[in-house]
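Undergrad: UniProt numbering applies: residue 1 is where the sequence shown begins, and numbers increase by one.
Note that CB positions come from ideal geometry on N, CA and C, so glycine has one too.
It should be emphasised that the depicted structure is a prediction, and the values quoted were computed from it without experimental measurement.
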Amino acid sequence: MGKGSDAMEVDKKEEALVTEGGKGKGPEKVIEILCQNVFLLEEAVVAKETSLCMGRLMRQTAAARKRLTEHDIVRLLRAKIPNSAEVEKTLGVFLDLSGPDENKEDEAMETDENKENGGAEGMANGAAESEAAPEEKKEAAEAKVAYNKPTRASAVPECEIYVLLLAILRLLDAGTHEKARELSVLVVERLEGFNRRTMDSLAARVYAYYSWSHEKCGDEKLKGIRSKLLQLQRTAILRHDEVGQETLLNLLLHNYLHFSLYDHAEKLRSKTQVGNGQHRNMHQFCRYLYYVGRIRAIQLDYTESKEKLQQALRKVPVSAKGFRITLHKWLCMVHLLLGEIPERTHFTTPGMRRALKPYFSLTQAIRKGDLKTFQQVAQEHWDQFMEDKTHNLIVRLQHNVIRTGLRNISKAYSRVSLQDVSQMLGLSGGVEEVECIVAKAVRDGAIDAKIDHTNQWMSTSEASDIYSTLEPQQAFHSRIMFCLNLHNEAVKAMRYSPNEHKDSAETEEARKERLQQEQELASALQEEDEF
């Protein structure tokens with residue numbers, strides 16, 4: 001109850017702060033947004049609920065990221081971090097901390113504001129403006145005091161790590177990946193000295209950019225941090241850092257899959273359990289489902305791979321366009337390997353048509369069962385498939401193309417010679433090879449036909465009533481299970497405030513009236529029993 005009430009207080013303070021900032025034009029300067037983020041972080045650390053405000057904190061940081069400068073970082077550092085000389089000395093190696101004078105900037109900003117206010121006063125009624133001006137100045141002064149609120153001693157480590165995280169983001173955006181890598185190494189070493197649960201969310205962000213900066217510097221650098229990531233994961237498990245466990249597990253899976261080490265990734269996944277099986281961060285959960293889907297696709301378990309990828313696609317936010325494109329690519333490959341043809345809407349999603357064009361051409365070739373067209377498309381877009389790491393699955397699709405062609409032939413002809421089948425499929429082998437292929441398709445249940453070895457032809461059986469089989473029942477059962485699982489997940493995701501039952505409870509007068517009625521009813525029943 002204590003943690004829940006603290007969380008509610010933090011939410012109320014955050015809403016009040018956003019409401020105050022929403023008056024007028026809001027905080028337009030980057031330094032004001034960053035100071036507001038630090039204030040939110042301080043309040044969350046005091047309430048020991050940093051996970052609640054981390055989403056809002058990173059969204060506001062992303063909004064100010066494009067306009068973020070090195071001068072904004074040093075101003076935030078000097079204003080919010082006590083004894084910041086050591087941190088400033090560290091950042092001086094990576095950032096250019098020399099910039100325009102802060103006092104001159106503030107004076108220029110005040111001059112511009114006075115000019116705007118003077119112009120407005122000339123157009124409006126003088127008496128009304130003279131009354132409103134002191135109130136506006138008072139609100140501006142209160143907002144400035146809120147932004148410049150002194151940092152609490154307990155929140156100093158979190159604020160310091162947040163400033164260092166901003167420096168890493170600035171270096172990555174500037175394209176200086178080597179400097180970002182070196183600074184991320186120092187920040188990770190700095191984090192190892194803390195064992196604070198209020199720092200887990202920030203540490204997870206630092207770990208993510210730590211891996212990304214090494215990946216930008218080359219495969220050798222990314223391969224070299226694998227042991228460090230394993231060490232950090234063991235530490236997170238011992239400290240019961242659930243957010244860190246989820247992030248580091250995904251970083252390790254990404255590291256293994258980047259080098260096509262699927263067996264290592266599966267062993268790590270099978271022996272690692274995150275937070276009693278419950279994922280706290282939905283973004284990390286989506287990535288986890290994507291990695292598991294990739295592993296299952298390589299291991300020939302296409303049904304589970306399709307399930308995981310579809311689940312990730314349903315949960316991923318719409319703004320993650322690149323991740324959604326990657327999910328569509330792998331989901332298309334799994335559909336084709338299962339013998340299914342993806343719907344056309346799968347490739348016509350706005351903003352994804354150009355990226356999914358090679359897979360659309362591949363799907364058209366497989367749908368027609370044309371082996372030559374399939375080989376041409378695969379050869380034309382082979383570099384793209386190599387970059388997407390789906391080239392291993394492309395090789396497997398050749399059997400699906402032949403099987404689809406055989407299915408089309410069996411539907412069109414009741415009896416056809418094996419020589420004609422070879423010509424229709426574009427196979428270079430003889431009749432014996434075609435006979436083996438047809439026999440395998442019949443055994444796997446792809447087509448319902450028989451082979452006449454004497455006359456060297458394939459006879460197709462008459463089409464049976466599909467409703468007399470168990471296939472409709474299985475399809476209906478799978479849809480029911482999907483709806484039930486979706487309902488169970490929705491019930492688990494429901495959250496109520498700790499005092500929800502008290503808010504909806506009856507008032508004191510209503511309670512007294514109800515008790516009086518119950519007593520009168522009890523006395524009336526007692527009198528009836530006596531008679």
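The alpha helix (DSSP H) with ASP219 in it runs from where to where?
TA: ASP219 -> alpha helix (DSSP H) spans 219-224.
Undergrad: Can you look up SER417 in the DSSP assignment and give me helix, strand or coil?
TA: Here SER417 sits in strand by DSSP.
Undergrad: Roughly how many angstroms separate the alpha carbons of ALA312 and SER422, rounded to a whole number?
TA: One C-alpha to the other measures close to 41 Å.
Undergrad: Compute the beta-carbon to beta-carbon distance between ILE168 and VAL187, rounded to the nearest angstrom, for a pair I have assumed lies under 8 Å.
TA: The pair is a contact, with the Cβ atoms about 7 Å apart (cut-off 8 Å).
Undergrad: Give me the Cβ distance between LEU171 and ALA180, rounded to the nearest whole Å; I'm assuming they're in contact under 8 Å.
TA: Sure, about 4 Å apart at Cβ, within 8 Å.
Undergrad: Can you tell me the Cα-Cα spacing of TYR262 and SER211, whole angstroms?
TA: Distance between the alpha carbons of TYR262 and SER211 is about 19 Å.
Undergrad: At which residues does the beta strand (DSSP E) containing SER184 begin and terminate?
TA: That residue, SER184, is in no beta strand (DSSP E); its alpha helix (DSSP H) goes 177-191.
Undergrad: Beta-carbon within less than 8 Å of CYS159's beta-carbon, same chain only, minus the 5 sequence neighbours each way: which residues are those?
TA: Cβ within range, chain order: VAL38, LEU41, GLU42, LYS80, ILE81 and THR151.
Undergrad: Kindly list the residues whose CB is nearer than 6 Å to the CB of ALA204, restricted to its own chain and excluding five residues on each side of it in sequence; keep chain order.
TA: Excluding positions up to five away in sequence, the list reads VAL243, GLY244 and THR247.
Undergrad: Suppose you measure from the CA of LEU427 to the CA of VAL438; what does that come to, to the nearest Å?
TA: Going from the Cα of LEU427 to the Cα of VAL438 covers about 12 Å.
Undergrad: Would you please state the rounded distance, in angstroms, between the beta carbons of ARG234 and LEU253? I believe it to be under 8 Å.
TA: Not really, about 16 Å apart at Cβ, beyond 8 Å.
Undergrad: How far does the alpha helix (DSSP H) with ASP241 in it reach, from first residue to last?
TA: ASP241 -> no alpha helix (DSSP H), and no H or E assigned at all.
Undergrad: Starting from LYS411, follow the alpha helix (DSSP H) in both directions and report where the run begins and ends.
TA: 391-412 is the extent of the alpha helix (DSSP H) around LYS411.
Undergrad: Just mark ASN250 as buried or exposed, buried being the case when its beta carbon has 16 or more other beta carbons within 10 Å.
TA: The residue in question, ASN250, is buried, as its Cβ has 16 or more Cβ neighbours within 10 Å.
Undergrad: Of the residues THR345, MET352, CYS332 and TRP382, which one's Cα is nearest the Cα of ILE366?
TA: With distances taken between Cα atoms, ILE366 lies closest to CYS332.
Undergrad: Determine the contact status of GLY351 and ASN408, defining contact as a CB-CB distance below 8 Å.
TA: Not a contact, by the Cβ cut-off of 8 Å.
Undergrad: Strictly by DSSP, which residues pair up with TRP457?
TA: DSSP lists SER417 and ASP452 as partners of TRP457.
Undergrad: Could you give the distance in angstroms between the alpha-carbon of LEU238 and the alpha-carbon of TYR207?
TA: C-alpha separation (whole angstroms): 17 Å.
Undergrad: Note down, one range per segment and in chain order, each alpha helix (DSSP H) of at least 4 residues found wholly within the stretch 303-368.
TA: Within the stretch 303-368, the complete alpha helix (DSSP H) runs of at least 4 residues are 321-337 and 357-368.
Undergrad: Can you tell which of LEU222, MET424, SER361 and LYS389 has the C-alpha that lies nearest to the C-alpha of GLN376?
TA: It is SER361 whose Cα lies nearest to the Cα of GLN376.
Undergrad: Assuming ARG415 contacts SER468 under a Cβ cut-off of 8 Å, what Cβ separation, rounded to an integer in Å, is found between them?
TA: About 24 Å separates the two Cβ atoms, so there is no contact after all.
Undergrad: Helix, strand or coil: which one does DSSP assign to THR373?
TA: THR373 falls in the helix class under three-state DSSP.
Undergrad: Looking at C-alpha atoms only, which residue of SER523, ALA355 and HIS283 is the closest neighbour of VAL318?
TA: If we check each option's Cα against that of VAL318, HIS283 comes out closest.
Undergrad: Flag ILE168 as yes when its Cβ comes closer than 7 Å to any non-hydrogen atom of the ligand FMN, and as no otherwise.
TA: Of ligands this structure carries none, so the ligand FMN is not represented either.
Undergrad: Buried or exposed for ASN255, going by 16 or more other Cβ atoms inside 10 Å?
TA: So ASN255 ends up on the buried side.
Undergrad: Distance check for ALA490 and GLN516, CA to CA, integer angstroms please.
TA: Their Cα atoms are separated by approximately 41 Å.
Undergrad: Give the secondary structure of GLU513 by DSSP, where H, G and I count as helix, E and B as strand, and everything else as coil.
TA: Note: GLU513 maps to helix in three-state DSSP.
Undergrad: Can you tell me where the alpha helix (DSSP H) with GLY426 in it begins and where it stops?
TA: Unbroken run through GLY426: none, as it is neither H nor E.
Undergrad: Given a cut-off of 8 Å, decide if LEU257 and TYR291 are closer than it, judged by their beta-carbon atoms.
TA: Yes, they are a contact pair.
Undergrad: State the DSSP-derived secondary structure class of ILE81, mapped to helix, strand or coil.
TA: Coil at ILE81, not helix or strand.
Undergrad: Just the C-alpha distance for ARG403 and LEU336, rounded to the nearest angstrom, thanks.
TA: If I take the Cα positions, the gap works out to 11 Å.
Undergrad: So VAL87 and VAL30 are in contact, right, with Cβ under 8 Å, and what is the actual spacing, rounded?
TA: That pair is no contact at about 19 Å.
Undergrad: For the candidate residues ILE225, LEU230 and GLU70, whose alpha-carbon lies nearest to that of ASP173?
TA: Cα-wise, what sits closest to ASP173 is GLU70.
Undergrad: Over what stretch of residues does the alpha helix (DSSP H) that includes LEU283 continue unbroken?
TA: Here the sequence assigns His to residue 283, which means Leu is not the residue at that position. Start and end: 282-298.
Undergrad: Flag this pair as yes or no: are the beta carbons of TYR359 and LYS321 separated by less than 8 Å?
TA: Cβ atoms of TYR359 and LYS321: not closer than 8 Å.
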